[in-house]
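Trainee: Below are the structure tokens for one structure; questions will follow.
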Amino acid sequence: GITIQQFIILHKIEKVKELLLYDELNLTEISYKLHYSSVAHLSNQFKKVTGLSPTYYKQLKQKRNKNLENM
Numbered sequence: 044g045i046t047i048q049q050f051i052i053l054h055k056i057e058k059v060k061e062l063l064l065y066d067e068l069n070l071t072e073i074s075y076k077l078h079y080s081s082v083a084h085l086s087n088q089f090k091k092v093t094g095l096s097p098t099y100y101k102q103l104k105q106k107r108n109k110n111l112e113n114m
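Counting from 44, one number per residue, gives the positions in the sequence shown under this note's numbering.
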């Protein structure tokens, strides 16, 4: 039910999520690695798909992981 372009975008956003959580690359490096034209383009596409900015997504996941560790 989606186009090839939409599939590729969704796949790239999943990869961005993984790379954000590994915490080894910054957004500039991630955008370069995944062939985005700019960090702004990556951020806009990420927000359109997830509803969150990449930075906010990363903060949420880190906070969630810390809460799980403290249980």
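Just so it is clear, CB atoms sit at the ideal spot from N, CA and C, and this is done for glycine as well.
(1) Of all the alpha helix (DSSP H) runs that stay within the bounds of the stretch 52 to 80, which reach a length of 4 or more residues?
(2) May I ask you to report which of helix, strand or coil DSSP gives THR46?
(3) Is it buried or exposed, PHE50, if we count other Cβ atoms within 10 angstroms and call 16 or more buried?
(4) Candidates VAL59, ILE45, LEU111, ILE47: which alpha carbon is nearest ASN87's?
(5) Where does ASN113 sit, in a helix, a strand or coil, going by DSSP?
Mentor: Based on what the coordinates show:
(1) 70 to 76
(2) coil
(3) Around the beta carbon of PHE50, fewer than 16 other beta carbons lie within 10 angstroms, which makes this residue exposed.
(4) VAL59
(5) Looking at ASN113 - three-state DSSP - the assignment turns out to be coil, as it is neither helix nor strand.
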